[in-house]
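From first to last, the protein sequence lines are chains A and B.
Sequential numbering of the first sequence, starting at 1, is according to full-length UniProt numbering.
Sequential numbering of the second sequence, starting at 1, is according to full-length UniProt numbering.
Where is the CB? At the ideal position from N, CA and C, for every residue including glycine.
Here the structure is a predicted model, which means the values were calculated and not measured.
Protein chains: 2
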Amino acid sequence: MLALPCVRACFLLGASRAATRARLLHPATVMTVAQIDEEVAKLLQLKAQLGGEDGKHQFVLKTPKGTRDYNPKQMAIREKVFNTIISCFKRHGAETIDTPVFELKETLTGKYGEDSKLIYDLKDQGGELLSLRYDLTVPFARYLAMNKITNIKRYHIAKVYRRDNPAMTRGRYREFYQCDFDIAGQYDAMIPDAECLKIVHEILSELQLGEFCIKVNDRRILDGMFAVCGVPDEKFRTICSTVDKLDKMSWEDVKKEMVNEKGLSEEAADQIGEYVSMRGGMDLAERLLQDQKMCQNKQACAGLSDIKLLFSYLQLFQVTDKVVFDLSLARGLDYYTGVIYEAVLTQAGLPPLANDSQNGASSEESAGVGSVAGGGRYDGLVGMFDPKGRKVPCVGVSIGIERIFSIMEQKAEASAEKVRTTEVQVMVASAQKNLLEERLRLVTELWSAGIKAEVMYKKNPKLLSQLQHCEEGGVPLVAILGEQELKDGVVKLRVVSTREEVDISRADLIAEIKRRTSEA
Amino acid sequence: MLALPCVRACFLLGASRAATRARLLHPATVMTVAQIDEEVAKLLQLKAQLGGEDGKHQFVLKTPKGTRDYNPKQMAIREKVFNTIISCFKRHGAETIDTPVFELKETLTGKYGEDSKLIYDLKDQGGELLSLRYDLTVPFARYLAMNKITNIKRYHIAKVYRRDNPAMTRGRYREFYQCDFDIAGQYDAMIPDAECLKIVHEILSELQLGEFCIKVNDRRILDGMFAVCGVPDEKFRTICSTVDKLDKMSWEDVKKEMVNEKGLSEEAADQIGEYVSMRGGMDLAERLLQDQKMCQNKQACAGLSDIKLLFSYLQLFQVTDKVVFDLSLARGLDYYTGVIYEAVLTQAGLPPLANDSQNGASSEESAGVGSVAGGGRYDGLVGMFDPKGRKVPCVGVSIGIERIFSIMEQKAEASAEKVRTTEVQVMVASAQKNLLEERLRLVTELWSAGIKAEVMYKKNPKLLSQLQHCEEGGVPLVAILGEQELKDGVVKLRVVSTREEVDISRADLIAEIKRRTSEA
């Protein structure tokens, strides 16, 4: 007879397993049939509350690993960042294109070296073999070759996919945005390259992310440096990958990897060590052109002359304050053929990124603490797609937007200012009951006039809840209808921030709302 | 000795296979070693022109089946359409969210009925099993349940994926955009439903796609109608699918399918035939509420009362001119529970869509000739995701944007007006040689002032080619630098359309450009 209160307690706990245990403790013999029926009914009710058939809700309610939803607040920040970036791209005269989220698998084959293992493949469901795009550069090159386009200045903002080890708190995801700006075409040396750096400078300045620095180097200088330091040809790429780790590892560790793991002579490693510690501006390029060893290497000389030319254009673009010629900059991707660059946030107080290398991050992405943009020249990629191997020289830059979102979100959290997620200018509210029709009529007028407006979807909402909605959502104005106002042919316009209220004649309302919202 | 000219001819033909054949016809014995060397060298050169290693370019240069790139012109049109739609969503106070392009496979399982076979699965590469999203509604419901959101008004514009038989010329793709607006929350009947129809009306009017009509019906009316016509319960869904074909098939064929394929009695089919020929407005709902058979069915009555209420709100929203209560509207998707609707372009002269049904098109997409929007109420979907089965009532609409793109593109083709793909306001050009530095200096000034400007990436471009670039790209102004202008401290500002030129002092240039471009 003690079973019933116990079952009730179990309902409070919401645990049907506990209820079963209770039954076991109190065998059915001490319960009447009616009591059992009652218990069964209650358990079935509990089951119904839990959502119908068993097993129906056994799945995990989540987004796939390494991905996330964007909530309205995050979207508002994202929109702001995109607007800044797109404005800059448009100011520089870029067109935009879009490509499918997946490509033929073979289109991506042989473009990413070791990182190819991170490509998402689609299941073979009959038909073509497909893979999700890994970046926007290879689809761009495929697009140029396919449409026989020999010059274009385009931007492309879209998501790309990498089966990487995500570090989501630091803005590293398996699905993430890339914002690419590229200039394709046979032009005079370093002019488009300089404009790419100008664009990075403009975007990072406008986004107010704090101090930054743009490192510049050239694949030909790196290769020339390896050659004159005695690195065997076949080890260029692998030694280059090790140099690429200098922003996360000490020189000692990098040297150890070169010598112990990659079998480089200690002497060669030490010579590399001397070069990669060098940074400067045009002066460094001039000095290295006089360097006894470097000047013997044709590749290096070509690269150094171009760096000089690049800096002369950067001076005209007024961006040399942030640009550093840095011989330790290596960048991972295979397809670069000339100048390479990378922008890094240098201000303290940034969220930590230091452990990224431990996550098996690909060299392209984890390119340093606070890396927010990168790119370079890739003159051979389009030719890989063209049936006749026709080359289209290209240079471009990719803005690391996810990292920027993270920083902007943290800034928004820290600041007192509220992020609005809608742009509603006025709520049409009522002070009494039975005014739904009047509200719908007025909101229709406002919509027709292009005013952003809303009503509550209730027949008789309380005035207080309507006002509360405005305060929470940052809606600046409320147009309040009441019986008296309707009789007088006016609307009470309330300013949410000051709580000031003023009667406006119905005929003047739209003009008044427009006046007040354009002031803000 | 005849081999050489032949090899040369082969070069002209660009066919190395022909060259090989030539060698076979002229055995090596008739050639000298030097000639062989020469031929080999030429063949290698040909090979190099063809792009390096053989087999490297054997792949097909295309986008996956059913997908396409968007070129800059298409993107310009797309941007315009999106801006119209997003403005409307924002005017109605919507927030926006984003979700990953793929979901856990089980999230999509059991949501799309027969159409589930069209879902793209990702390859099992270890870890979670994933599928590309099939629509934006299921991810939205998953998002609400996961974040325990009980009310929100949101829009979501993103690509979805269906392994359908594409009919790309008619705007049907395997990768296509959806533009969804949904209102979730426990509200008073038909107010949010009416706003969804208001939004469709506003968007289709603003896009100026020609005459349109929005058909409205209710799942409960359909079910009630089936019940009173004597359709067995278990046949509701399949008979509903057949009714859904009425916009593409004659009643005779629909009836045949019901009777011969789905085993419905002829009598029941005829009764359905009477109802589904009915269309009207609020009056029809009132008449059916008096209908002897219909009024006996609770479900149907509830639906009919709601249609009446809906029309009263639509009158206040001033959109009844385009809305028709149409009992033949059925819509394919399983998850609808109440009002359903679909917007159709009715003007003649539209590109043909009539054959879509032959392509095995899913009922959701091929919902009629010129269908450009659709949606309805789905009160049970969020509950399918909530661990406790808590329901969140939802109503929404999806704009069929690809079809709209197709129509806008065709309109753009037909019209004389040129679609601009950049927003460049002024090109900085030079009339003489050796003025690159001056051009870069001036364009930097313009960028700093927020003016959209560009220069040609050549040291010494011809004035004519700079002007041609402007004419082709629709750039309205050219700022021309020459030695005389530099001496005089002026810039020659040329209006591209009129070819009028005027000297402007360097100090006034920015203000003058802004004045002239804001006028346009």
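For residue i, which residues of its own chain have a beta-carbon under 8 Å away from its beta-carbon, when the five flanking residues on both sides are left out?
i, result
"A:R506", "G489, V490, V491"
"A:G281", "F311, T320, V323, V324, F325"
"B:M75", "T421"
Since residue i and residue j should fall inside the 8 Å C-beta cutoff, what is the C-beta to C-beta distance between them, to a whole number of angstroms?
i, j, result
"B:L314", "B:K215", "Actually they are not in contact, since the Cβ atoms of B:L314 and B:K215 sit about 13 Å apart, beyond 8 Å."
"residue 521 of chain B", "B:I77", "Beyond the ends of chain B as shown, which are 1 and 520, falls residue 521 of chain B; an answer cannot be given."
"A:G338", "A:R377", "3 Å"
"B:K111", "B:Y335", "7 Å"
"B:E95", "B:K153", "7 Å"
"A:I191", "B:Y457", "4 Å"
"B:D180", "B:Y143", "Contact flag wrong, Cβ pair sits at about 12 Å."
"A:L309", "B:L440", "The Cβ separation is near 12 Å, so there is no contact."
Does residue i pass the burial test, meaning 16 or more other C-beta atoms within 10 Å, or should it be called exposed?
i, result
"B:D253", "exposed"
"A:T109", "exposed"
"A:E195", "buried"
"B:K487", "exposed"
"A:D244", "buried"
"B:N217", "buried"
"B:L129", "exposed"
"A:N297", "buried"
"A:A414", "exposed"
"A:R287", "exposed"
"B:K198", "buried"
"B:E500", "exposed"
"A:P393", "buried"
"A:R163", "buried"
"A:E211", "exposed"
Could you name the residues of the same chain whose beta carbon sits closer than 6 Å to that of residue i, not counting the 5 residues immediately before and after it, in chain order?
i, result
"A:E454", "V424, M427"
"B:G230", "A268"
"A:L463", "A431"
"B:V478", "M427, A429, C470, R494"
"B:G368", "Model confidence at B:G368 stands at a pLDDT of 40, short of 50, so the residue's coordinates are unreliable and nothing is read from them."
"A:D508", "none"
"residue 582 of chain A", "An answer regarding residue 582 of chain A cannot be provided, because it is not within the stretch 1 to 520 covered by chain A."
So the candidates are the options; which of them puts its Cα closest to the Cα of residue i?
i, options, result
"A:V372", "A:M384, A:I407, A:G380", "A:I407"
"A:K65", "B:G113, B:S131, B:R91, B:Y70", "B:S131"
"A:R219", "A:L304, A:K459, A:L442", "A:L304"
"A:N460", "A:L477, A:N434, A:K255", "A:N434"
"A:T346", "A:I203, A:R515, A:V339, A:K322", "A:K322"
"A:Q178", "A:R441, A:I513, A:E402", "A:E402"
"B:L98", "B:R133, B:N217, B:G370", "It should be pointed out that residue 98 of chain B corresponds to Asp in this sequence rather than to Leu. Of the candidates B:R133, B:N217, B:G370, the one whose C-alpha sits nearest the C-alpha of B:D98 is B:R133."
"B:V397", "B:G374, B:F317, B:K411, B:K262", "B:G374"
"B:I513", "B:A449, B:I307, B:R162", "B:A449"
"A:D270", "A:G281, A:R279, A:M258, A:K262", "A:M258"
"A:Q186", "A:T137, A:A300, A:D379, A:I119", "A:D379"
"A:M294", "A:M249, A:V395, A:S277, A:G224", "A:G224"
"B:K452", "B:T517, B:L381, B:A285", "B:T517"
"B:K141", "B:L481, B:W447, B:Q468, B:P387", "In the sequence under discussion, the amino acid at residue 141 of chain B is Ala, which differs from the Lys named in the question. Ranking B:L481, B:W447, B:Q468, B:P387 by Cα distance to B:A141 puts B:P387 first."
"B:S265", "B:T242, B:P232, B:W251", "B:P232"
"A:E274", "A:K105, A:K255, A:D283", "A:K255"
"B:D115", "B:Y161, B:Y70, B:R441, B:F385", "B:Y161"
"B:L207", "B:C88, B:K262, B:L381", "B:C88"
Which residue or residues does DSSP assign as beta-bridge partners of residue i?
i, result
"A:H156", "A:D180"
"A:D98", "B:Y70"
"B:K215", "B:V324, B:E342"
"B:E501", "B:R494"
"B:Y161", "B:E175"
"A:L481", "A:S430"
"B:A373", "B:A343, B:I399"
"A:E279", "Per the sequence presented here, residue 279 of chain A reads as Arg, with Glu not at that position. Beta-bridge pairing links A:R279 to A:D326."
Any C-beta of chain C sitting closer than 7 Å to the C-beta of residue i?
i, result
"B:T137", "Within the model displayed, chain C is absent; protein chains A and B are what it includes."
Does any heavy atom of the ligand ATP sit closer than 6 Å to the C-beta of residue i?
i, result
"B:P139", "The ligand ATP is absent from the structure shown, which contains no ligands of any kind."
With a CB to CB cut of under 7 Å and the five nearest residues on each side skipped, what residues in its chain are close to residue i?
i, result
"A:D124", "none"
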